[in-house]
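Participant:
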């Protein structure tokens, strides 16, 4: 009787995987992640990083670009990816350093120059950002709307920046009625 009971338990245990949501043969389009595929080649870290950036996951993209650096070295694509991910994370100093390294090469693409310009704009370095956007626009032959718009914005910001420091004005807070204040310049 014990052997029969052990055989019954063994049969029931072997049938349990068929009772799970995945079953013995889970559908490939299901909600479950695919398992490891022995002998398969890994997807390139640059490709993974680019896809993660498009998906709005810059922290994960930074990890992917770091793994890509192990495979490709610090190429212009890896530097650009690392700089762009840092820019998206708000790490402007790191982004600027990496993007400057990327644009020092002759193979830097206009998008890398554009991202450097955005980094400079965010840091308030508008005159230099204008020059960088001009370079990106020239390399792109004026085909990118985003680069053109960034150049226009930088030029407008540069023109509106004209402020004469020698003409300082003093302001006085004036009360009008109950609880309402007005700022007036003192002649």
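Numbering (mature numbering (1 follows the signal peptide of the UniProt record, and there is no 0)), first residue to last: -20 to -1, 1 to 167.
A virtual CB, placed ideally from N, CA and C, is assigned to each residue, including glycine.
(1) Considering only residues of the same chain and omitting the five flanking positions on each side of residue 67, which have a CB-CB separation below 7 Å?
(2) Just the C-alpha distance for residue 61 and residue 87, rounded to the nearest angstrom, thanks.
(3) Does the Cβ of residue 112 have 16 or more other Cβ atoms within 10 Å, making it buried, or fewer, making it exposed?
(4) Taking just the CA atoms, how far does residue 134 sit from residue 140?
(5) Tell me whether residue 73 sits in a helix, a strand or coil according to DSSP, three-state version.
(6) Kindly indicate which residue of 104, 69, 16, 126 has the alpha-carbon position closest to the one of residue 90.
(7) I'd like the ranges of any alpha helix (DSSP H) spanning at least 4 consecutive residues and lying wholly in the region 40 to 94.
(8) Please state whether DSSP places residue 130 in a helix, a strand or coil.
(9) Alpha carbon to alpha carbon, how far is residue 101 from residue 123? Give it in angstroms, no decimals.
(10) Just tell me which of 20, 37, 52 has its CA closest to the CA of residue 195.
(11) Work out the CA separation of residue 41 and residue 30 for me, nearest whole Å.
(12) If you draw a straight line from the C-alpha of residue 105 to the C-alpha of residue 35, how long is it?
(13) Label residue 33 either buried or exposed according to how many other C-beta atoms from any shown protein chain fall within 10 Å of its C-beta, with 16 as the threshold for buried.
Facilitator: Walking through what the data contain:
(1) Counting from one through the chain shown, the residue named residue 67 turns up at place 87. Excluding residues within five positions, the ones whose Cβ falls inside 7 Å are 75, 95, 98, 99.
(2) Stepping through the chain shown from its first residue, residue 61 is reached at position 81. Stepping through the chain shown from its first residue, residue 87 is reached at position 107. Computed Cα separation, rounded: 14 Å.
(3) Within the chain shown, the letter at position 132 stands for residue 112. The residue is buried, with at least 16 neighbouring Cβ atoms inside 10 Å.
(4) Reading the chain shown from its first residue, position 160 is the one you call residue 140. Reading the chain shown from its first residue, position 154 is the one you call residue 134. About 10 Å.
(5) Along the chain shown, read from residue 1 onward, the residue named residue 73 stands at position 93. Looking at residue 73 - three-state DSSP - the assignment turns out to be helix.
(6) Translated into positions along the chain shown, residue 90 becomes position 110. Of the listed residues, the one whose Cα sits closest to residue 90 is 126.
(7) 56 to 68, 72 to 83
(8) Numbered from 1 along the chain shown, position 150 holds the residue referred to as residue 130. Three-state result, residue 130: helix.
(9) Taking the first residue of the chain shown as position 1, residue 123 is located at position 143. Taking the first residue of the chain shown as position 1, residue 101 is located at position 121. So the two alpha carbons sit approximately 21 Å from each other.
(10) The displayed coordinates of the chain run from -20 to 167. Any statement about residue 195 would go beyond what the structure contains.
(11) Here residue 30 corresponds to residue number 50 of the chain shown, with the count starting at 1. Here residue 41 corresponds to residue number 61 of the chain shown, with the count starting at 1. Whole-angstrom Cα-Cα distance: 7 Å.
(12) Translated into the one-based positions of the chain shown, residue 105 becomes position 125. Translated into the one-based positions of the chain shown, residue 35 becomes position 55. Taking the Cα positions, residue 105 is about 29 Å away from residue 35.
(13) If you number the chain shown from 1, residue 33 lands on position 53. Buried, because 16 or more other Cβ atoms sit within 10 Å of the Cβ of residue 33.
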